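J.:
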């Protein structure tokens with residue numbers, strides 16, 4: 075085995091080991107294949123993508139949700155709950171307890187999150203509850219990025235997974251100019267009817283998921299969009315696969331230090347962002363620590 079492959083093997087195995095330590099520490103069950111550490115790594119970043127980072131964010135209501143509030147369609151209690159969630163996001167509270175239980179299951183596909191980059195939060199007037207007591211028949215469909223949370227709509231708990239995202243919700247997102255926030259860029263000057271996939275029903279919505287990355291173009295309301303963040307053929311977020319590629323690119327650049335490799339650890343920076351630190355130490359005890367989760371520069375052909 076050459077040095078490059080040997081270094082990659084060692085680092086992949088050490089990353090897998092650190093991931094399993096984390097799962098054990100937080101009580102998550104995951105059956106790792108020791109012969110396939112890269113799958114464990116991709117599943118880990120897919121798991122993280124289902125979670126909500128604790129960051130302070132501004133909040134925007136969709137015009138349609140605001141209209142429901144203004145017209146009295148939502149009860150005073152429901153409006154108050156939305157205000158509490160708005161304040162919680164603005165204060166940077168941990169909102170993961172209000173996610174679906176499957177977000178704590180690495181390797182389990184989250185249709186709503188991976189395909190449409192959306193969250194649904196269980197609504198409860200008491201924000202200081204544990205996972206066992208925070209389930210209700212009302213949920214908040216929302217888009218969450220690092221600086222803003224977009225409240226799309228308040229919905230009833232669907233009976234089937236494919237019903238979490240309906241055509242109505244896609245139209246709300248489109249009308250509020252939020253398509254880019256769910257991974258779709260508008261195609262300027264598109265001729266209506268020229269796209270291979272036209273979304274006109276709930277069945278079309280689910281079809282996009284079932285065919286995965288094949289459907290990267292869609293048409294809705296006579297506008298065309300291209301996906302820049304589609305689900306992969308292995309049913310993982312594109313970002314998880316890209317993170318694995320970044321790790322492997324960085325390992326290749328460190329190949330000449332293979333004999334000095336000492337180990338890998340997960341750490342966080344001052345902003346709470348995840349770092350993957352590899353450590354090297356030569357015979358002179360000169361140490362080097364590098365974050366291989368960051369893209370430290372690409373060369374042509376990589």
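Residue numbers (our numbering): 75 to 376.
All C-beta atoms in this analysis are idealised placements derived from N, C-alpha and C, irrespective of residue type, glycine included.
Quick caveat, the model's predicted, so the values are computed rather than measured.
1) Who are the near neighbours of residue 220 in its chain, counting only those whose CB is closer than 8 angstroms to its CB and skipping five residues on each side?
2) I'd like to know if the stretch 325-344 and the stretch 306-316 are in contact, where contact means that at least 3 CB-CB pairs between them fall below 8 angstroms.
3) Have a look at 345, 247, 331, 98 and flag the residue whose alpha-carbon is nearest the alpha-carbon of residue 364.
4) CA-CA distance, residue 189 and residue 360?
5) So, for residue 246: in the same chain, excluding its five sequence neighbours on each side, which residues have a beta-carbon less than 7 angstroms away from its beta-carbon?
6) With C-beta atoms as the reference, is residue 93 less than 8 angstroms away from residue 115?
7) Given a cut-off of 8 angstroms on the beta-carbon distance, is the pair residue 155 and residue 223 in contact?
8) Once DSSP output is grouped into helix, strand and coil, what is the label at residue 361?
9) For my contact list, residue 335 and residue 84 are in at a C-beta cut-off of 8 angstroms; report their separation, rounded to the angstrom.
10) Where do the ends of the beta strand (DSSP E) carrying residue 79 lie?
11) Once DSSP output is grouped into helix, strand and coil, what is the label at residue 177?
12) Any contact of the stretch 346-356 with the stretch 99-107, i.e. 3+ C-beta pairs under 8 angstroms?
13) Does the beta-carbon of residue 280, which I'm using as the reference point, lie nearer than 7 angstroms to any heavy atom of the ligand NAP?
14) Please report the residue range of the alpha helix (DSSP H) in which residue 230 lies.
15) Using a threshold of 8 angstroms, state whether the C-beta atoms of residue 259 and residue 300 are closer than that.
16) Is it buried or exposed, residue 111, if we count other Cβ atoms within 10 angstroms and call 16 or more buried?
T.: If we stick to the structure as given:
1) Taking the chain shown and counting its residues from 1, one reaches residue 220 at position 146. 127, 129, 131.
2) With a cut-off of 8 angstroms, the stretch 306-316 and the stretch 325-344 do not count as touching, because too few Cβ pairs lie within range.
3) Here residue 364 refers to the residue found at position 290 of the chain shown. Ranking 345, 247, 331, 98 by Cα distance to residue 364 puts 331 first.
4) Within the chain shown, the letter at position 115 stands for residue 189. Within the chain shown, the letter at position 286 stands for residue 360. Separation of residue 189 and residue 360 (C-alpha to C-alpha, rounded to the nearest whole angstrom) is 46 angstroms.
5) Here residue 246 is taken as the residue at index 172 of the chain shown, counted from 1. Hits under 7 angstroms: 136, 138, 226, 227.
6) Counting from one through the chain shown, the residue named residue 93 turns up at place 19. Counting from one through the chain shown, the residue named residue 115 turns up at place 41. Residue 93 places its beta carbon less than 8 angstroms from that of residue 115.
7) Here residue 155 refers to the residue found at position 81 of the chain shown. Here residue 223 refers to the residue found at position 149 of the chain shown. Residue 223 is positioned such that its CB atom lies no closer than 8 angstroms to that of residue 155.
8) Locating residue 361 in the chain shown gives position 287, counting from the first residue. In this structure, residue 361 counts as strand in the three-state DSSP scheme.
9) One-based indexing of the chain shown puts residue 335 at position 261. One-based indexing of the chain shown puts residue 84 at position 10. With a Cβ gap of about 6 angstroms, residue 335 and residue 84 count as contacting.
10) Within the chain shown, the letter at position 5 stands for residue 79. Membership of residue 79 in any beta strand (DSSP E) is not indicated; the residue belongs instead to the alpha helix (DSSP H) covering 77-100.
11) For this step, residue 177 is matched to residue 103 along the chain shown. DSSP places residue 177 in helix when its eight states are reduced to three.
12) Taking one beta carbon from each stretch, the stretch 346-356 and the stretch 99-107 have fewer than 3 pairs nearer than 8 angstroms; the two do not touch.
13) For the ligand NAP, the structure offers nothing, since it holds no ligand at all.
14) Locating residue 230 in the chain shown gives position 156, where the first residue counts as 1. Taken as a continuous stretch (DSSP letters only), residue 230 belongs to no alpha helix (DSSP H), being part of the beta strand (DSSP E) at 222-230.
15) Counting from one through the chain shown, the residue named residue 259 turns up at place 185. Counting from one through the chain shown, the residue named residue 300 turns up at place 226. A contact, by the Cβ cut-off of 8 angstroms.
16) On the chain shown, residue 111 is found 37 positions in, with the first residue counted as 1. That one is buried.
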